[in-house]
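Protein chains in written order, with my numbering: chain X, 1 to 198; chain B, 199 to 396.
Ideal Cβ positions, reconstructed from N, Cα and C, are used throughout, including at glycine.
There are 2 protein chains.
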Amino acid sequence: MEGMRLLPMAGEAPAERSDAARNREALLAAAAELIALGCVEHVTMDAVAQRAGVGKGTVFRRFESREGLMAALLDRSESAWQGRILSGPPPLGPGAPPRERLHAFGHSRLEVTLLHADLIRAAGHAGARAYAAVSFTAMHVRYLLGELGVHGDLGYLATALLAPLEVPILEQQVHLEHRSLEQLRTGWDDLVSRVVGC
Amino acid sequence: MEGMRLLPMAGEAPAERSDAARNREALLAAAAELIALGCVEHVTMDAVAQRAGVGKGTVFRRFESREGLMAALLDRSESAWQGRILSGPPPLGPGAPPRERLHAFGHSRLEVTLLHADLIRAAGHAGARAYAAVSFTAMHVRYLLGELGVHGDLGYLATALLAPLEVPILEQQVHLEHRSLEQLRTGWDDLVSRVVGC
DNA sequence: AAGAAAAGCGGACCACGGTCCGTTTGGCTC
DNA sequence: GAGCCAAACGGACCGTGGTCCGCTTTTCTT
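Here it is in structure tokens:
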């Protein structure tokens, strides 16, 4: 049994070396600190590398790009939020009727998106990361629409419902058209009502 | 009548010097050429300046930024398109019933957005430019919704309807979810039906 | 424990967007 | 036409994201 590889498990994750893992944590921490004591724009790759006490190349090897670093940062709160949906208390989590869950979902997504707007924008379309997030929300909305007995192309309807919750649209509505959070919530509720049917 | 300013007309546009105007045209032409014989990403500010035979500083003085240059490029086809809506033949232009116009609007917007996706992405949120475009489409959809007798926050509904026609969402649907143009058109029609009411 | 291969590391280097400031030029007035 | 000045010009310069490659460290094997 000597030649047996313990972790790699077929051809999946080749496992990370200890120094690499240590640096990954140090870099994420450094980036988070830099955000905390300034804006996201101040998070420059050189600054992160210097603060973490590593070379610049290391940052890129760990996170591919600046967008990748931002996406990794985002990933933490995003997973927590997904957890609240999959197994948290109602009406966000399971247990409430689908209609209520859909309304709660929109309100929550609205808030979390506005809260992390800068980070999300800086993360851009970082590889499969962004798609994973989009895909989770789309799948959930699709599921709720199904529960509600909606007919039609549920995949398209889910995407269409989610589109007004994306950063550019929300920023436009808040900053250019001066809509309040309350108005956005009402708008979502109205939109949901129209889409699922009277 | 000697001291009278002919063009400035109050405090509006201070008029452009002849060499400035010449350079603006040369730069736009150079940029268009560079796009034509390569992708949008190859349009670098140095390259545009060199091809137009001017200094780099001139490019930035005329267009503020790379995004500004892209927005200026986009502005041409965008105005033509707006013209087709305001005074072109039905069902896109006036003359057709509002419902048909709304469907035609979505289909047309879909195509033009996908066609110029790269340019639109490169233009980003270039100052008031982007908002002007967004604002035109929003106003038009809002107007059509009004004609259709829809009740509620028409401004919000217009934005929500338009959101799935924005570049990031369309690219996601086309490239990640492999939806055809036909499916997108059908999706738009269905969405419109649900929003304006059965 | 020793040795070797692979994974990681670091920082010099490059390209591009954007700024600055000394110089030139177009378009006035006289 | 001469002269003036605001506007426009050009290109050296800077910061940042991203790459590359020779050196170091970890980890696995025997």
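The C-alpha of Glu-67/X lies about 35 Å from the C-alpha of Pro-98/X.
From the beta-carbon of Tyr-143/X, no residue of chain B is found nearer than 9 Å; the closest lies around 16 Å away. For Pro-366/B, the uninterrupted alpha helix (DSSP H) run begins and ends at 365–369, by DSSP. Listed along chain X, the residues sitting closer than 8 Å to Asp-388/B by beta-carbon distance are Gly-152, Asp-153, Tyr-156, Leu-157.
Burial check for Gly-106/X: the Cβ neighbour count within 10 Å reaches 16 or more, so the residue is buried. With contacts defined by Cβ atoms closer than 9 Å, Val-40/X and Leu-119/X form a contacting pair.
Of all alpha-carbon atoms in Glu-369/B, Leu-360/B, His-376/B, the one lying nearest the alpha-carbon of Gln-172/X is that of Leu-360/B. For chain B, the residues of the region 166–184 of chain X that bring a beta carbon within less than 9 Å of one of its beta carbons are Glu-166, Pro-168, Ile-169, Glu-171, Gln-172, Gln-173, Leu-176, Glu-177, Arg-179, Gln-183, Leu-184, in chain order.
Contact of Arg-264/B with chain X by beta-carbon distance below 7 Å is absent, the smallest such distance being about 16 Å.
Secondary structure at Ala-294/B: strand, using DSSP grouped into helix, strand and coil. Scanning its chain for C-beta atoms nearer than 6 Å, with the 5 sequence neighbours on each side dropped, one finds around His-301/B the residues Asp-387, in chain order. Listed along the chain, the chain B residues whose CB falls inside 8 Å of the CB of Arg-121/X amount to none; the nearest CB is some 10 Å away. Using a CB distance cut-off of 9 Å, Arg-99/X does not count as an interface residue toward chain B. Leaving aside the five residues that flank Ala-336/B on each side, the residues in its chain whose CB is nearer than 8 Å to its CB run, in chain order, Gly-353, Ala-356, Thr-357, Leu-360.
In this structure, the beta-carbon distance from Val-393/B to Leu-165/X does not fall below 9 Å. Per the coordinates, the alpha-carbon of Glu-345/B lies some 20 Å from the alpha-carbon of Ser-306/B.
Beta-carbon to beta-carbon, Gly-251/B and Ala-224/B are separated by about 7 Å, close enough to satisfy the 8 Å threshold.
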